[in-house]
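See structure below.
There are 6 protein chains.
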Amino acid sequence: MTELLTFGETMLRLSPPRGQRLEAVREFEVVVGGAESNVATAAAQLGHDVRWVSRLPDSPLGRRVIRELRSNDVTTEIVWDDRHRLGTYYLEHGSDPRPVNVVYDRADSAFTHISEADLPIGTIEAADVVHTSGITPGLSDVTAEVTETLLETASDSSAAVSFDLNYRSKLWDREAARDTFESLFEHVDLLFAPERDVSDVLGIDEAPEKQAVRLADGYDVETVVITLGSEGALALQDGEIHRQSAIETETFDAIGTGDAFVGGFLAEHLAGSGIGRRLAYGAATAALKRTIGGDAALITPDEVAAIVNDATEEISR
Amino acid sequence: MTELLTFGETMLRLSPPRGQRLEAVREFEVVVGGAESNVATAAAQLGHDVRWVSRLPDSPLGRRVIRELRSNDVTTEIVWDDRHRLGTYYLEHGSDPRPVNVVYDRADSAFTHISEADLPIGTIEAADVVHTSGITPGLSDVTAEVTETLLETASDSSAAVSFDLNYRSKLWDREAARDTFESLFEHVDLLFAPERDVSDVLGIDEAPEKQAVRLADGYDVETVVITLGSEGALALQDGEIHRQSAIETETFDAIGTGDAFVGGFLAEHLAGSGIGRRLAYGAATAALKRTIGGDAALITPDEVAAIVNDATEEISR
Amino acid sequence: MTELLTFGETMLRLSPPRGQRLEAVREFEVVVGGAESNVATAAAQLGHDVRWVSRLPDSPLGRRVIRELRSNDVTTEIVWDDRHRLGTYYLEHGSDPRPVNVVYDRADSAFTHISEADLPIGTIEAADVVHTSGITPGLSDVTAEVTETLLETASDSSAAVSFDLNYRSKLWDREAARDTFESLFEHVDLLFAPERDVSDVLGIDEAPEKQAVRLADGYDVETVVITLGSEGALALQDGEIHRQSAIETETFDAIGTGDAFVGGFLAEHLAGSGIGRRLAYGAATAALKRTIGGDAALITPDEVAAIVNDATEEISR
Amino acid sequence: MTELLTFGETMLRLSPPRGQRLEAVREFEVVVGGAESNVATAAAQLGHDVRWVSRLPDSPLGRRVIRELRSNDVTTEIVWDDRHRLGTYYLEHGSDPRPVNVVYDRADSAFTHISEADLPIGTIEAADVVHTSGITPGLSDVTAEVTETLLETASDSSAAVSFDLNYRSKLWDREAARDTFESLFEHVDLLFAPERDVSDVLGIDEAPEKQAVRLADGYDVETVVITLGSEGALALQDGEIHRQSAIETETFDAIGTGDAFVGGFLAEHLAGSGIGRRLAYGAATAALKRTIGGDAALITPDEVAAIVNDATEEISR
Amino acid sequence: MTELLTFGETMLRLSPPRGQRLEAVREFEVVVGGAESNVATAAAQLGHDVRWVSRLPDSPLGRRVIRELRSNDVTTEIVWDDRHRLGTYYLEHGSDPRPVNVVYDRADSAFTHISEADLPIGTIEAADVVHTSGITPGLSDVTAEVTETLLETASDSSAAVSFDLNYRSKLWDREAARDTFESLFEHVDLLFAPERDVSDVLGIDEAPEKQAVRLADGYDVETVVITLGSEGALALQDGEIHRQSAIETETFDAIGTGDAFVGGFLAEHLAGSGIGRRLAYGAATAALKRTIGGDAALITPDEVAAIVNDATEEISR
Amino acid sequence: MTELLTFGETMLRLSPPRGQRLEAVREFEVVVGGAESNVATAAAQLGHDVRWVSRLPDSPLGRRVIRELRSNDVTTEIVWDDRHRLGTYYLEHGSDPRPVNVVYDRADSAFTHISEADLPIGTIEAADVVHTSGITPGLSDVTAEVTETLLETASDSSAAVSFDLNYRSKLWDREAARDTFESLFEHVDLLFAPERDVSDVLGIDEAPEKQAVRLADGYDVETVVITLGSEGALALQDGEIHRQSAIETETFDAIGTGDAFVGGFLAEHLAGSGIGRRLAYGAATAALKRTIGGDAALITPDEVAAIVNDATEEISR
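Protein chains in written order, with our numbering: chain A, 825 to 1141; chain B, 825 to 1141; chain C, 825 to 1141; chain D, 825 to 1141; chain E, 825 to 1141; chain F, 825 to 1141.
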């Protein structure tokens, strides 16, 4: 009875108070974050039945991760690993002209040792939507293989397969990522990709509308969403382009914005809404996320609906 | 020897750190707040002899309230109640497009059980100005009656009666509020009202200048101040309209802005200043309040005067 | 597939930092606590399938409660109430000779408005053990009736009924409590009761062994556990007395000790262990709880087992 | 209508979190403290009408001091100084075998510039008890003179004069202190003195009972209280010795214990109680103080009475 | 082997959390700050060998200062004083229209008792650049004399002498400052001065370019930098004017901006860069400083270079 | 001119507030810790010229480590690694019967990739004492080899070689440790070893006096110190046994106690003191450490001397 199943690594996120440098840090605020569990949280907060599949160290730190996800109403299905570590990442908040600084410390984490045997095949086949991101295959050779198996399994069942490109230059180079992405696209039904990555990684250096068409046609993807940062997003479905502007925010914490967008979009996909409404919910969930500390979009359906309605009214005036 | 006596309920205010959702709160910052004690604080900080009359639970929480007000230099005159609770309110700070969220938990508080016998008649009669707000009669049938008695008593003595409309839709509906307000107006000398409430609650859907005239004439109110949010305020006195623009601020905490305005205005009223200066002090006190955490305007006469002078200079250049 | 179902009210617990008086509080640490959800947490942490049934306000504060319980691995089954409040309690930590001070603010909470229709009959009937405490019937006339229905329903099914006396003098007087307790005992299979309450409330002013016999015989209770504070506990089952000494602790937070004892005991009951082992697990879980901040026993099966084994070894040396 | 008037310097107290060294401090907890205002607070909390007379800088820091004292229900009568500083002291909490470390930074404070003209003669003459400590004359030549005038004035009126020896070796040497103390004793009715100071500073190296007799006879002091640390205290009045044992505590913050003792004692003096009860209230107030962070005894009459009754019961058993 | 030697007073800086008034402060954040040690930190963080010479109390507070400077990679050369205090300053963060409020408490600090004998002559003579500011001679008659000796000594050796005007009206009046400054200028090679001080204190009320020329010519100063606040800065060297615009920032803490500018400038001076690059590094270091809490510019060479390059690119586009 | 050179890994230490479980952690206190840098800190605080040699990631986290050590007055000589991570460890404070819980996350740290080429041979040869611990060779094959080279180099120069056994079962098994330790002993002049490790790891299951003799004779070690936990320590030198009792403490943070002992001992070794005084300083430094948060002994020579003198006086009475 899982509506959305997401698969990926989640880390401990450690951040100093605002205005304090990492090299002088005295105390860390601790939350958990990972692209796919962030998506899971957003969709679960919006009322869907969501399951996150992963591998974690059998330690208080591994339990720390699932405690937070369970409180977000995400069901967790975990393979416990008693030999490897929990990935962590350090986040130093920025302030113009000083950018946010992220220091990853995720090498050799329990998740990078996941195996095909760890995949809950039955659960995957029974899901309505299966989602992962381009970070997952980039973590290790093993995760690349397991990702392929996951998408294949989902694709062979009735599940819709959702994939967020999420290219991370600190993990792998563009060529390796491109090869892997292209081999995965055949299983994908819903593709989310930032304009810049489509251009830089996939080599499609065109206007976003053209990018969407090239991706949809080239890889037979049903729905392509190109995200445009402060310009919003656009989607191609059934040969038609749909545009969504971004919502202005007083940003408190920008980490997880893209994941919130995907989570909001998928929530409306599960609700059976049309593409316009899916985009609107994605944008509203992303905007709310930016006002909240941590990776996760702790929002309610009412709050998102209110933003969507406000934005709609503004347009109709 | 009381210059200003205010009457109303004060609550414990509990707010999570910025960026933290109420549903995930781990720690609350604690202050006290209430419309009429906020007014009292602003006027006391500006150097006046101010007394706040109320009913509180005879508990550490009731004492928490008076400890803070005494430190603000407000004299407290309390009826102690050993059966009922202290009202509280939860405040979640907002960030665009997420609004501030206030959750009231004030039902059945000690204050709602106040009785006419609790009113210190002698003290009321000896005050220069007696102030309460539209929240007070909206709390319970009992408080509505006691409010009427208070205003009558003050009106029958030499005290000037000040009333801030402060309609709260979470407390009562518009019709009930309108009836009550209209019956109280006859005792009122100084009326503060937001443009929107005059329109929505009192049904006077006109330009603010007209609203002021209608209120002054209709209820024989000596001075009517219509507050206009970011547009400032205007006052009608002796048939003349006086305008005050709002002062731009980098807002830290907007709660209590309106009360600070009233407190600043009344302080200059007590000082015998003209209407223009009263409005200017109201606006400056309100602006300073917005830069300070908590409900209360912890300001000094010098700080307010500096803002007033700056604003004046700007205009005169 | 619920092993343990608990039923009762859970509140927000607000406590100032150590050494700070409630009447001067500037910040509250926030956790949630309630006798029956505390029991649920302890048993869930020990690996059992536990469900907590309750009624909560449909607000961020109600959601705050279930977020914490879900993170403790407790399944929540909630009736959402959109009219009433969340109970809270204020906890001031003590330090000899100053006692812990608890100020309850739970009157008229959503839970006190629970109705029989809110009980999930099927779930109750399918549980292995159904547990509540003497606080629940003491909250309102309604909760007293619903408690009776709950215990009857459970008793009529195959569920074992567990009841912790938990008399609270701030809720009701001894006579009322006694009458209610006595009418509930007929449904009870497992009774936990502090020696003092058996004496003061039930009027059985005898040695604890005798108290156990009187309760077991008088009300046909299968297992009676008399708790003795720093003297540990004793249990009567099948006519035999079993003793358990308390484990010495460096106490950090004593709130919830008794609930942890019940949770540890019930966990071993569910595991099919004998009475001696149940008592040992109760005592060890309680001891660990005292070292942890908050109401809840965030412990692991290994940690509890280690204490049990240490204590056993000590005896055997 | 002042029952107790105290006179002395109050400082800002800055202390690092426990376990953090002063030389590595990152944040200070801030309270205010001063021997005489500590006494004032204890007596005010016990329900008496108390006034504290002092001189403070006309700055936010000076106002910081009176805000805290007013919240403690102490009336403040301040001469504002626009040229000198606020005294501060740094307090590093200790832990055996590392002692508490106090670093004073009080030289040249506004208080050390007080003058006789600053004394509110009328208020002093109208007080029931006037209290200061041996710290006050030790701060500067000026404060020594003003102290003498204060005690003379009080002594010449109907006020009882209370004096706590409080020798501080960091302020002056023993000879200077002895000379000053001896010249002040003629005005004193109630003398509090630690056994060690009587021996080391006043040169009376005898058993405490003898010390009391020597002081009472030698300086014609009506009541002499010799404090004995963990041994409690003894008092000599009307030729009779009364003993009071100390109450065992789990100490959170020992600073201000002696002042709380004096405040509790004087509160019962004002209440007209006998010497035994005054000593008992002193000891109970002191014990409670040790459980509370900061210099001030934030206690209630009921809490102190409960300790006194407990201690009494223990003895009577 | 010292590249930069700076000389001056450093204080403990105590600031309440944002939004909290100094008069209601409950906790202070603690850092250290002083114009010359701030300059030292910026240059040391940029990779230079920097030494700070000063006088401090021989106490945990004096050690607090050097602990922080050593962690910033500044070598400290301290004369320890066992009689005088550490200067402190209180900083209340502002928010428009409420300005930052600084309360100095630095009178009679150990530094004001420095003597010529305390100067490490050999170290001074061996430094490449010797820097102090106009605050130092303003602290006491003694510091004025020692400053003159310092500059003379440096000037007579091969060291370049750098001086930042830094007029503080709370320390001395304009006439005294002017006389002292003018007598020091003869030793100065690099002069930093805010446009306003050149006008108000030195009496050169002209356009900044003219001010630079007047200073360079009048006092034979090799390089004159006039700082213009949000307008950036300009420098005169070899008869040519060089301009530097300010970099826009989202400011977290503006204290120390000017010192960071000087530190960045001197770092490039030591690196042998031309005047344009020195100005650019000054501006970038200053901009980064504004995003960081505390007085000190905890930055890296790479971060500063990135800002410089960004700014350059912007211009070249 | 280095008196003491220590070599080893230092990690970031992350600990939740007391009473908070690691699996529910919301904020970490951050300090740095490592056996050999802890020893370095203690000796540096006691006034010696101390250098710590290590390898760290070239990142803000690596700089975090040296910032703290420099503030402790330790000179750092670092090889910067731009590919590997910083080791971390998680510390959950305990409370009886719940033990302290340490979770290491140090695998594959920059330090484990140190090479012989990284050793500063000249600096090592010029040191008076070279110290490392049994943790260092246990980290990786590479560190085992480098440790051997370090001790050989030191041994071949005039440096005294100090070695603290410090067996960590989480790093390697006893057999591997024993073989490595035994091969290192030939270079060692000063050996510190806990009684239990000598028994369990080295297989010398005898009374501590015998253990010392066996080690001294078997491996030709000049001075052997056997540490006995709460029983203190004993040393064998020149064939004579010297005993030192432990000093009772109110423990705040026990981590680093053993390192503080070694640091205190070595400080007196460097001062040329006899074996009794070295032991006494070791014990006093260790006792003070236990009262201070973090791994490091932030103490002063005077504080240690006071404890030593107190302990001596106690004995001599």
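Every residue gets a Cβ at the ideal spot worked out from N, C-alpha and C, and that includes glycine.
Three-state class that DSSP yields for residue i in the structure shown
i, result
"A/Val1128", "helix"
"A/Gly911", "coil"
"D/Leu893", "helix"
"A/Glu827", "coil"
"A/Arg1141", "Low confidence applies here, because A/Arg1141 scores a pLDDT of 45, under 50, leaving its location unreliable and the question unanswered by this model."
"F/Phe1076", "coil"
"E/Thr1109", "helix"
"E/Glu1019", "helix"
"B/Ile1099", "helix"
"B/Gly1118", "coil"
"F/Gln1068", "strand"
Exposure of residue i, with buried meaning 16 or more beta-carbon neighbours within 10 Å
i, result
"A/Ser939", "exposed"
"E/Lys1113", "buried"
"D/Gly1042", "exposed"
"B/Ser1140", "Reliability of the predicted coordinates at B/Ser1140 is poor, the pLDDT of 49 falling under 50, and the value obtained from them is presented with this limitation in mind. Burial call: exposed."
"A/Gly1096", "exposed"
"A/Trp876", "buried"
"C/Arg907", "exposed"
Partner residues on chain B for residue i, Cβ-Cβ distance less than 9 angstroms
i, result
"C/Pro884", "Arg845, Leu846, Glu847, Ala848, Val849, Tyr914, Glu916, Asn925 and Val927"
Contact set between residue i and chain F, taken where Cβ atoms lie within less than 8 angstroms
i, result
"D/Arg1114", "Those do not exist, as D/Arg1114 stays about 15 angstroms from chain F at its closest Cβ, beyond 8 angstroms."
Chain-ordered chain C contacts of residue i [CB-CB under 8 angstroms]
i, result
"D/Glu1074", "Ser919 and Asp920"
Neighbour list for residue i in chain A, Cβ cutoff strictly below 8 angstroms
i, result
"E/Asp1077", "Gly843"
"C/Ser895", "Arg891, Glu892, Arg894 and Ser895"
Near the ligand MG: residue i beta-carbon under 6 angstroms from a heavy atom
i, result
"B/Val1012", "No copy of the ligand MG appears in this structure; indeed no ligand is present at all."
| message | For the region 903-914 of chain B, list every residue whose C-beta sits within 8 angstroms of some C-beta in chain C, in sequence order. | response | Answer in chain order: Arg909, Leu910, Thr912 and Tyr914.
| alpha helix (DSSP H) runs wholly inside the region 939-1015 of chain D, at least 4 long, in chain order | Those alpha helix (DSSP H) runs which fall completely within the region 939-1015 of chain D and span 4+ residues are 945-950, 965-980 and 998-1009.
| query | Which residues, in order along the region 839-850 of chain C, keep a beta-carbon less than 9 angstroms from a beta-carbon of chain D? | reply | For the region 839-850 of chain C, which is checked against every Cβ of chain D, the residues closer than 9 angstroms are Pro841, Arg842, Gly843, Gln844, Arg845, Glu847 and Ala848.
| request: Using a Cβ-Cβ cut-off of less than 7 angstroms, list which residues of the region 851-873 of chain F approach chain A; keep chain order. | output: The region 851-873 of chain F vs chain A, Cβ under 7 angstroms: Glu851, Phe852, Glu853 and Val854.
| query | Quick one, which residues of the region 1115-1128 of chain B are near chain C if we go by CB-CB under 8 angstroms, in chain order? | reply | Answer set for the region 1115-1128 of chain B: empty.
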